[in-house]
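Trainee: First residue of the sequence shown: 0, per numbering that gives the first Met the number 0; consecutive thereafter.
Okay, here's the structure, questions in a sec.
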Amino acid sequence: MQIEEQNTSVQEISRKIQRGLLPSDAPRVPGFDLAAGTSLTDDGPGRTVWDFFQLRDGKTGLVNLNVQGDGLPPAHYLAVARSLLRELARDHDDLLGFLARVNSGLATAVPEGVDQYVEAGVLLPSDGGVEWAGAGRCPGAVIRRNGVFEEFSTHGPPLGMMEGFLYGTEMMELGAGDAVVVLSDISPGVFRGAADLVASLQGKPAGEVVSTLHRALAKAEPDTSVEATVLFLRKQ
Numbered sequence: 000m001q002i003e004e005q006n007t008s009v010q011e012i013s014r015k016i017q018r019g020l021l022p023s024d025a026p027r028v029p030g031f032d033l034a035a036g037t038s039l040t041d042d043g044p045g046r047t048v049w050d051f052f053q054l055r056d057g058k059t060g061l062v063n064l065n066v067q068g069d070g071l072p073p074a075h076y077l078a079v080a081r082s083l084l085r086e087l088a089r090d091h092d093d094l095l096g097f098l099a100r101v102n103s104g105l106a107t108a109v110p111e112g113v114d115q116y117v118e119a120g121v122l123l124p125s126d127g128g129v130e131w132a133g134a135g136r137c138p139g140a141v142i143r144r145n146g147v148f149e150e151f152s153t154h155g156p157p158l159g160m161m162e163g164f165l166y167g168t169e170m171m172e173l174g175a176g177d178a179v180v181v182l183s184d185i186s187p188g189v190f191r192g193a194a195d196l197v198a199s200l201q202g203k204p205a206g207e208v209v210s211t212l213h214r215a216l217a218k219a220e221p222d223t224s225v226e227a228t229v230l231f232l233r234k235q
């Protein structure tokens with residue numbers, strides 16, 4: 000009973016931190032329709048959020064964060080990762096050196112013997128399309144206007160796992176009506192279903208797409224306390 004009460008207290012702390020981290024609104028990115036959201040539950044672990052950051056050249060990036068492993072309240076690492084992302088972005092014009100510094104900073108924040116790390120899916124929209132970087136397993140894909148599905152690659156381990164790791168990125172060209180979706184930790188089958196759903200919502204407002212995805216994810220796992228983060232953008 001004592002252990003259960005302690006676990007509950009840790010989750011309550013994590014949920015409180017999680018709620019305080021979530022942005023109130025999505026940023027505006029010229030040339031894109033954009034929406035994002037994290038579904039919250041009364042008994043969830045508080046381990047996922049979305050956020051945005053600005054690079055030195057003024058470009059706005061989006062990130063989906065999800066903590067894996069047990070130990071400290073998961074949202075503790077969400078807060079550290081978010082702070083590093085927002086602060087270090089100001090010193091960089093691209094994702095490569097930026098993510099390397101975020102990773103090293105987070106690695107030093109993980110106490111010895113604690114195996115908790117942050118999976119991150121990072122999007123950097125630009126005139127030609129979107130640049131993607133995946134740390135750990137954070138499912139993302141381009142859904143073309145014609146329904147073709149192109150899944151993103153993973154570029155390295157979760158943030159904080161391997162200090163000094165240099166993450167790669169990939170650039171995806173986008174045409175008008177092409178969409179990008181990034182979700183927090185889900186099974187490959189559910190992710191493919193989510194991508195098919197996005198394709199069927201062609202032309203719907205971005206906020207409606209995110210809300211529909213959240214409802215579908217909750218139905219896909221009705222017996223669990225589903226926390227899910229969704230990033231969605233569509234080229235105008």
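Positions of the beta carbon are idealized from the N, C-alpha and C atoms, including for glycine.
If you're wondering where the values come from, they're calculated on a predicted model, not measured in any experiment.
#1: Could you check the C-alpha separation between E172 and A108 for me, to the nearest Å?
#2: Do you know whose CA, among G104, G139, I16, V129, lies nearest D195's CA?
#3: With 16 as the cutoff for other CB atoms within 10 Å, does S23 come out buried or exposed?
#4: With 16 as the cutoff for other CB atoms within 10 Å, does E86 come out buried or exposed?
#5: Please say whether G60 and L54 have beta carbons closer to each other than 8 Å?
#6: Flag this pair as yes or no: are the beta carbons of V189 and V141 separated by less than 8 Å?
#7: Determine the contact status of A35 and V147, defining contact as a CB-CB distance below 8 Å.
#8: Is it the case that the region 163-171 contacts the region 198-218, given that we only count it when at least three CB pairs across the two stretches are under 8 Å?
#9: For G96, report the span of its alpha helix (DSSP H) as first-last.
#10: In this structure, does DSSP put I16 in helix, strand or coil?
#11: Check whether the Cβ atoms of T47 and N65 sit closer than 8 Å, and answer yes or no.
#12: Give a yes or no on whether the C-beta atoms belonging to A175 and H154 are separated by under 8 Å.
Mentor: The relevant details are as follows:
#1: 36 Å
#2: G139
#3: exposed
#4: exposed
#5: yes
#6: no
#7: no
#8: no
#9: 94-108
#10: helix
#11: yes
#12: no
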